[in-house]
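> Take this structure first; my questions come after.
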Amino acid sequence: MSQENINDPQHNQGDPNEEMKEEGSPVEPSTELFDTQKDAVDRELEIFQDMQRLQADFVNYRTRVERDRGVERQAAVAEAIRAFLPAFDDLTRAETHGDLVEGSPMAAIFQKLKTAGDKFGLKRFGEKGEKFDPERHDALIQTPNSEVSEPTIADVIEHGYLLGERMIRPAKVAVFVSE
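Position 50 of the sequence shown, counting from 1, maps to 46 under the working numbering, and the rest follow consecutively.
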């Protein structure tokens, strides 16, 4: 180029970066490449967050299944024990009346049933003299008594049973009530 053309503003109206590009100077980064990389990072973050939610959902599912399994197991055990309670009641009455002699086969069977019940957490409740609780006791008979200030169990017709904290059967009782 001649000296005139260099100083002439008309000839110098091209892209100033054009000269830099021609000389091998650094070029402005492409916004298209940046946007593509940003989109990829955003997508990876979204996938990562989805995986975290999925993992949390799975942990919650596993916890719920374990809890439900325990509840179902306890319900099945309660149902099985409930089926044996009439025989258990008969043996309890026989023991109370002195019909089960120590060392007899029936006494041994009764003891095994008690041990099995204890193993599963079976607890008997409803004893004579206890305070009456309408949530745990069914009052079949009410007798006025001036000696009591609050309802008290006068006699146990059929004991109640708990399996852990779960009531299998309420106690059937006769109750003294204040006059």
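Cβ atoms here follow ideal geometry from the backbone N, Cα and C, with glycine treated the same way.
State yes or no: is the C-beta of G117 within less than 8 angstroms of the C-beta of L159?
Taking 8 angstroms as the Cβ cut-off, G117 and L159 qualify as a contacting pair.
> Taking only three categories from DSSP, how would you classify E154?
Three-state result, E154: strand.
> Closer than 7 angstroms by C-beta to A125: which residues in its own chain qualify, once you throw out the five before and the five after it? Chain order, please.
Here residue 125 is Gly; the residue named in the question, Ala, does not match the sequence. So the list reads T148 and I149, once near-sequence residues are dropped.
> By the three-class DSSP mapping on this structure, what secondary structure does F30 have?
F30: helix per DSSP, three-state reduction.
> In chain order, what residues of the same chain have a beta carbon less than 8 angstroms from the beta carbon of E146, not counting five sequence neighbours either side?
Once the five neighbours on either side are set aside, the close Cβ partners of E146 are K127, F128 and S174.
> DSSP beta-bridge partners for L159?
Beta-bridge pairing links L159 to L118 and R162.
> According to DSSP, what are the bridge partners of T139?
According to DSSP, which records beta bridges pairwise, T139 is partnered with F172.
> I'd like to know whether the C-beta atoms of G90 and L81 end up nearer to each other than 8 angstroms.
Per the sequence presented here, residue 90 reads as Ala, with Gly not at that position. The answer is no: Cβ separation not under 8 angstroms.
> With a 10 Å radius around its C-beta and 16 neighbouring C-beta atoms as the bar for buried, classify Y157 as buried or exposed.
Y157 comes out buried.
> Report the option in A167, E143 and S142 whose CA atom is closest to the CA atom of V152.
The option with the nearest alpha carbon to V152 is A167.
> Which partner residues of T88 appear in the DSSP bridge assignment?
Looking at the DSSP assignment, T88 forms no beta bridge with any residue, so it has no partner.
> Short check: CB of R60 to CB of I164, under 8 angstroms?
Not a contact, by the Cβ cut-off of 8 angstroms.
> Would you report the Cα separation of V171 and K119, rounded to the nearest angstrom?
Taking the straight line joining both Cα atoms gives about 21 angstroms.
> Bridge partners for A167 per DSSP, in chain order?
H133, per the DSSP bridge assignment.
> Run the CB neighbour count on E15, radius 10 Å, all protein chains shown included, and call it buried at 16 or more, exposed below.
Only weak support is given to the placement of E15: the predicted model assigns it a pLDDT of 49, under 50, and the question is left unresolved by the model.
> Which term fits H155, buried or exposed, when burial requires 16 or more other beta carbons within 10 angstroms of its beta carbon?
Looking at its Cβ environment, which holds 16 or more other Cβ atoms inside 10 Å, H155 is buried.
> What did DSSP end up calling K108 once you bin it into helix, strand or coil?
K108: helix per DSSP, three-state reduction.
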